[in-house]
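As structure tokens, the structure follows; a few thoughts come after it.
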Amino acid sequence: MSITSALFTGVSGLVNNGEAMNVIGNNISNVNTVGFKSARTLFSDMLSANMGNNSQIGRGVQIQKVDNVFGQSSFETTESVTDLALQGNSFFALGAPGATGAQTATASYYTRAGAFRVDKDGFLTNPDGFRVLDEARTPIQFDTTSFGKVTSIDADGTISYLDANGDSQTYATKIGVAIIPDTGQMEKTGGTLYMADDNTGITDASIGAPNGTSERIFSNSLELSNVDLASQFVNMIITQRAYSANSKTITTTDEMTQEVLNLKR
């Protein structure tokens, strides 16, 4: 390998540590985003060059994966009954705006952000209009001609509400939550939403009512971002130092190349 290969090795460190800084910056910018889950950058070495005698020289670094960290976060108490937080590893299942009828698991959206409201058409939705699904994967909708207001939501997803006459009623089905076997394969779609394909192991049977014990719903609560600012600042310092060290590799290699050029005077 020529000495110029060290330049490209250093460049790979600059580029990928720069991307890692973007991940850290995104985490910090979402420190107050309800239901946000932080991400981390995992690195791996690139294919090494064989030098003979079972010797290899690395060619730099690459980003192996930007991994989402789905750790449980703390709750914030609110005054809205339809503000919901989840305890456990499950997700609220949502249908797209305008969705009707039973939704398939792979066509649904998933979130831990439970800031829900009843819209003018009687659907329980998030702020962007995505419709909350019940245990049968159908959008939850109240009859607007007789609906008054939601009064309580139990740990198992049972919804109680008042009708127009002030009588207490119970919604026919419960709020649905999804257990996703491989959350590492979920894809962010923005708006604190995720999608899950067949690679996650999800099926239609993965969506059902919470059991009220290991998976429970808390009303009048919102799950906060799980970003730990102290950890993010430490990661920022480490990434900055790695970036500086790789830039030093480039400048040192440039000086070595200049020495070679100076051999001919």
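Sequential numbering of the sequence shown, starting at 1184, is according to the numbering used here. Heads up, the beta-carbon is just placed ideally off N, CA and C, and yes, glycines get one too.
Chain-order list of residues whose beta-carbon lies under 8 Å from that of residue 1387 (same chain, five-residue window excluded): By 1-based counting over the sequence shown, the position of residue 1387 is 204. Once the five neighbours on either side are set aside, the close Cβ partners of residue 1387 are 1287, 1288 and 1320.
Counterpart residues of residue 1254 in DSSP-defined beta bridges: Here the question's residue 1254 lines up with position 71 in the sequence shown. Under DSSP, residue 1254 takes part in no beta bridge, so it has no partner.
When 1279, 1356 and 1359 are compared against residue 1372, the one with the closest alpha-carbon: Against the sequence shown, residue 1372 aligns to sequence position 189. The shortest C-alpha separation from residue 1372 is found at 1279.
Endpoints, the beta strand (DSSP E) within which residue 1401 is located: Numbered from its first residue, the sequence shown carries residue 1401 at position 218. In this chain, the beta strand (DSSP E) harbouring residue 1401 covers 1399 to 1402.
Residue 1331 vs residue 1344 beta-carbon contact at 8 Å: Indexing the sequence shown from 1 puts residue 1331 at position 148. Indexing the sequence shown from 1 puts residue 1344 at position 161. The answer is yes: Cβ separation under 8 Å.
Residue 1329: first and last residue of the uninterrupted beta strand (DSSP E) it sits in: As a working mapping, residue 1329 is identified with position 146 in the sequence shown. Segment: none, residue 1329 is in no beta strand (DSSP E) and carries neither H nor E.
N-terminal and C-terminal residue of the alpha helix (DSSP H) that residue 1440 is part of: Along the sequence shown, one-based indexing puts residue 1440 at 257. The continuous alpha helix (DSSP H) containing residue 1440 extends over residues 1412 to 1444.
Proximal residues to residue 1407 (C-beta, below 6 Å), its chain only, five neighbours per side dropped: Residue numbering aside, residue 1407 sits at position 224 when the sequence shown is read from its first letter. The residues are 1256, 1257 and 1259.
Residue 1369 and residue 1361 closer than 8 Å at C-beta: To locate residue 1369, count along the sequence shown from 1; it is residue 186. To locate residue 1361, count along the sequence shown from 1; it is residue 178. Going by C-beta atoms, residue 1369 is not nearer than 8 Å to residue 1361.
For residue 1385, the three-state DSSP class (helix, strand or coil): Within the sequence shown, the letter at position 202 stands for residue 1385. Coil, per DSSP.
Proximity below 8 Å, CB of residue 1451 to CB of residue 1329: It is not possible to answer for residue 1451, since the shown part of the chain is limited to 1184 through 1448.
Which of helix, strand or coil DSSP assigns to residue 1313: Position 130 of the sequence shown, counted from the first residue, corresponds to residue 1313. Correct three-state label for residue 1313: coil.
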